[in-house]
Structures are given as structure tokens and as C-alpha cells.
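Numbering (the numbering used here), first residue to last: 677 to 1025.
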Amino acid sequence: MFDILTICPRLEELYYTVNSDIYNSFIIQLAKLCPNLKKIQILCNDDCSSELQVTDEGLYEFLKLLPQLEYVSFHPCSNIRGEIFKKIGEFSQLKYFNITRGSYDQPVPLEKDIHFGGGTLSKLECIDFGSKEYSFNTSEEFDKFVTTLRSVAPHLKYLGDLLDIDVSMDDKKKVVQLFSDTLTDLDVGYTVNHLAPILPKNLTSLRMKINDEFVSQNVLNQLQPNHSLKKLSITVGRQISPEIIVAIIEKLAVDIYPCVTHLEFYSTTKQKKVSTNPHGEIMDTVLSNIKIWPNLLFLDGEVLSMNRILAVRPRLRFYSMWDNDLNFDDNVSLFYYQWLVLDQPFEEW
């Protein structure tokens, strides 16, 4: 790795996937070899035991060596205790900060007083630090964590998995309300059942899960219309009848989020292109109606017949293309789709 980097002193972007542990010495040496880095992502991805053994101190030294670094993503980090957050404000150039605390075994204990400080990150728009390995003994501790985050990063648009941290629903509501004027991207999961009335008005991307409680509590009618929302991800429980799902989708598409261009639709047990899959048939039926999300450009989810949908939406892109799914009657139609639709630059999900 370092042999390659020695001949790339002007490197600005690096994506690195490894199958072994990474330590402080590695990232420090990397920073010295590539002082112009603006974007870096290191992912330990062997589905076994490798992880970033980087500490708060090592990460701090790494950031100090890279004054142009705007985007940093390390996953998973088993030795991050939270001390780095107190100094993160020193690095005012940051726009994206993802240091996911996690471990295949057990990460080191957290600092007792986790909060943000060091200055103001006026450019920071996205932050993610994982959720499963964070815990707070009291609401006061969590309140300090999020209020100092708001002070240090006043323009955050995305909070990562912050709403998945094990805190009370009242605390989660406080988070949404605290950042309501800046958030544009939010993953609420099943907490949509409690957060629906207070979802930020500026959202352009929303991910939510629909279960029996969503239906029984009539959560759908608590959602506020948002014509700015472009990306919508829906996961539905398989216990919900197809008729109810169709009614929910039609309501979302016509009255609540009519301007969606990117749609993700799955059941709680993801199952693609199965003839007995009723939810796949739902999307075929719903999206065959061009009045439902007429501006839709991108679809990721369960369908039975791509051709049926493409007959109405000839420029629609599918996230996954399966063999023998597309059968065009003539070569002109095939050429049009493969070269004039699929081969064009496009903002994916």
C-alpha cells in the first residue's frame, strides 16, 4: 500500500478496503505520504474480525496532518472512546465525519463525559458515529451530547444512526426538534410512529418502516405534506395486507410526498422477484399508474415485471437488473434503454 502512495504525493481521494487490523501508525504514515488528501474512506470488510484499532489520540494526530481533509469515514473503530469529539471543532474544513464505533468483540469503554467542542464546524453537513455501542446513563448526559453537537455543527443535514441510540422516545423527539431547521436527510425507522408530526419540513430524503402500529395509530395522517422530498425509502411488514399497503402508497404519492424521484421499497424480509411475493406485485400495479409519482427516475425494491413498469415509465432505472427480466420486442427499444437511459450519468440513491 505505502509503495503505491509514495508515488502519489498529490493524491486527494482514497478508498481503501482491508482484511486486517489498522493501527494509529498506519493512518499517521498515510497522512504524511498524502498531505493533500481531501477525502478518505477506510473499511475493514472481511466479515470476520478485522477492525480499525485507531484511538482518539491517533485520529486527532491524523486530522492535524491533513488541513485540507473534508471527508473522513472509518469503519469499524473499536478503540474510539469519544475523546475526539471534544476537539473535533478544531478541524473547520470538515464536511463529512463518519467514525463508526464498533467491534466484533467488545469496544473499549466510553468516556464518562462525551460532548462536542473545540470550535465551530460551519461546513459540516453529515456526521455518523454508529449507535449500538453508545449508551448514556441519564437523559442529562444525552442532552449534553446532542446540544453540544448542535453548537459545534450548526448546519448538519444528516445525523446518521443517532436516532438508533438506546434512549427514551422523548429524547429522540428532542433530537429531531433540535435540528429541525437544518436536517434534509433522516432515517426514522419504526420511530416514525412517534415522530411523524414533527418531521423536519426541509427533508429531501426519508427512510421509514411501516408496521401494524403505523396502521392502527393512523400515523399516515400525521405526516405533513412535503413537496421537497425526493428520496423515499419504505420497508413494510409482511403481516400488512396488500390492500392496506396500496392505500398507504397512494396516499403518500398523491397527498404527502408527490415529488419523489428515488424510491426504495422492501418488505421486512427482503425477497426479490419471487412469483409468490405479493409485495412485488403491489409495486407492479402501483407504478403502472403514471399518476403515482410521475417524476420517478430510480427504483430499488421488489417487483415482478420490470417490463410492465417500463411500458409506462420508459426512463426508469432499477437498482438491480436480473437476467431475463427485460425482454424488448425490438432492437431499437433495447438500444434505447441500454444506451440512452442506463448509460447516462445519474445520481443514484
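Where a beta carbon is used, it is the ideal one built from N, C-alpha and C, also for glycine. Being a predicted model, the structure only gives us computed values, none of them experimental.
The beta carbons of F818 and F812 sit about 4 Å from each other, so the pair counts as a contact at 8 Å.
In this structure, L728 lies near I718, with their beta-carbon atoms less than 8 Å apart. When DSSP reads this structure, T731 sits in a beta bridge with N755.
Three or more beta-carbon pairs separated by less than 8 Å are not found between the segment 859-866 and the segment 788-798, which leaves the two stretches without contact. Here E766 has G794 and G795 as same chain residues with Cβ atoms under 6 Å from its own Cβ, once five neighbours each way along the sequence are excluded. The residue among V828, F1011 and T867 with its C-alpha nearest the C-alpha of D840 is T867. In this structure, the alpha-carbon of I924 lies about 21 Å from that of R984.
Restricting attention to L871, I932, P918 and S917, the CA atom closest to the CA of K907 is found in I932. For the pair L854 and I803, the CB atoms are not nearer than the 8 Å cut-off. D1005 is not a Cβ neighbour of S981, given a cutoff of 8 Å.
Its chain contains H938 and R993 as the residues whose beta carbon lies nearer than 6 Å to that of F974, once the 5 sequence neighbours on both sides are disregarded; these appear in chain order. A direct Cα-Cα distance of roughly 11 Å separates Y942 from M884. Beta-bridge annotation (DSSP): Y834 is paired with C802 and D861.
The beta carbon of S964 is closer than 7 Å to those of R984, I985 and V988 in its chain, skipping five residues each way along the sequence.
The distance from the Cβ of L690 to that of N712 is about 11 Å, inconsistent with a contact at the 8 Å cut-off. Residue I886 holds the alpha-carbon nearest to the alpha-carbon of V922 among L899, I886 and C935.
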